[in-house]
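What follows is one structure encoded as structure tokens, with my remarks underneath.
Numbering (the working numbering), first residue to last: 1407 to 1486.
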């Protein structure tokens, strides 16, 4: 994605391990030991369409794309 830096975010408290994200983009998402999705927060440019498809497919809306802000920033902007 061009423009301001973005990253993929999973709300681990919302994730119920339906694994649709893993089916759509196994290069980005995986299920970890506690049956919650994990992800590469900064996938290569070519994989962003799959990341966006996973955001749309998540039945719990646990995946989002957020603005990458400095670590000192109190909050991040969510771009669903």
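Heads up, the beta-carbon is just placed ideally off N, CA and C, and yes, glycines get one too. Predicted model only: the values in this text are computed from it and were never measured.
| Check | Outcome |
| --- | --- |
| Cβ neighbours of residue 1417 in the same chain (closer than 6 Å, five flanking residues each side left out) | 1468 |
| Residue 1416 - DSSP class collapsed to helix/strand/coil | strand |
| Nearest to residue 1431 (by Cα), restricted to the options 1462, 1470, 1457 and 1464 | 1457 |
| Cβ neighbours of residue 1461 in the same chain (closer than 7 Å, five flanking residues each side left out) | 1469, 1470, 1471 and 1486 |
| Three-state class that DSSP yields for residue 1483 in the structure shown | Unreliable positioning characterises residue 1483 in this predicted model, as indicated by a pLDDT of 49, which lies under 50. A coordinate reading is not provided. |
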